[in-house]
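Colleague: Here you go, one structure.
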Amino acid sequence: MKRNHKTPWAGRIAGLALLACAAAAHAQYVWIDDKGLKHFSDRPPPPSVPIKRILKAPNLTLMIDSPGAAAAEAAPTTAERNADFNKRKGEQAEQARKAGEEAQRQRDLAANCEANRKHKAQLESGARISTFEANGEQGFLSDEARARQLAAAQRALSACK
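Numbered by the numbering used here, the letters in the sequence shown go through residues -10 to 150 in order.
The following block contains the structure:
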């Protein structure tokens, strides 16, 4: 009695092919998206889908335990990155504005101090200083008025460095 060896091999190959198809069919992902729709796919869900919304996955335990899953969930979206960028840009603009205001204040203070120094030097020189009266006539600064203006200039200069 002669045995046909081709038939058992064909059966084995067919069985292996069925197992491969079954394994491929088993590798299905099921998840719920943001709109509440249930998705079925042989590809994993997008990284924006949280692990808690994945209902079925071939390696769900590996996905949960993998550090990449936590990183994918924690990765900021484009809108979040844009919001952070705009926030940093606004803070930089605010800092630049404050620095500009401070620089202008320092320039004004330096100019005011220089004007007070010149005024004090003019008052201390003893030269006659002409002024205009309320009625429009020209007059000269009295000694009392000179002393008051000199004291005011010295007080203003005390704020200067």
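C-beta atoms are modelled at their ideal positions from N, C-alpha and C, and glycine is treated no differently.
(1) Can you tell me the Cα-Cα spacing of residue 106 and residue 99, whole angstroms?
(2) So what's residue 27 in DSSP terms, helix, strand or just coil?
(3) Residue 26: buried (16+ other C-beta within 10 angstroms of its C-beta) or exposed?
(4) Give the C-beta separation of residue 38 and residue 29 to the nearest angstrom, bearing in mind that I take them to be a contact with Cβ-Cβ under 8 angstroms.
(5) Just the Cα atoms here: how many angstroms apart are residue 75 and residue 81?
(6) Can you tell me where the alpha helix (DSSP H) with residue 17 in it begins and where it stops?
(7) Touching or not, the stretch 138 to 146 and the stretch 102 to 117, by the rule of three or more beta carbon pairs under 8 angstroms?
(8) Smallest Cα separation from residue 122: which of 115, 116, 130?
(9) Specify the secondary structure class of residue 0 as computed by DSSP and reduced to three states.
(10) Among 101, 137, 126, 112, whose alpha-carbon lies nearest the alpha-carbon of residue 146?
(11) Do residue 36 and residue 72 have their C-beta atoms within less than 8 angstroms of each other?
(12) State buried or exposed for residue 112, treating a residue as buried only when at least 16 other CB atoms are found within 10 Å of its CB.
(13) Taking residue 21 as the reference, which of 93, 42, 6 has the closest Cα?
(14) Which complete alpha helix (DSSP H) runs does the stretch 59 to 145 hold, if anything under 4 residues is left out?
(15) Figure out for me which residue from 128, 149, 133, 40 has the closest Cα to the Cα of residue 97.
(16) Closest by CA to residue 136, which one among 24, 118, 3?
(17) Taking residue 45 as part of the beta strand (DSSP E), name the residues at either end of that continuous run.
Modeller: Once the coordinates are examined:
(1) 11 angstroms
(2) strand
(3) Burial call: exposed.
(4) Contact annotation, residue 38 with residue 29: C-beta distance approximately 13 angstroms; criterion of less than 8 angstroms not satisfied.
(5) If you take the alpha carbons of residue 75 and residue 81, they lie about 10 angstroms apart.
(6) Looking at the DSSP string, residue 17 is not in any alpha helix (DSSP H), and its letter there is neither H nor E.
(7) yes
(8) 130
(9) Residue state, collapsed to three classes: helix.
(10) 101
(11) no
(12) buried
(13) Selected option, being the one with the closest Cα: 42.
(14) 67 to 113
(15) 149
(16) 118
(17) 43 to 45
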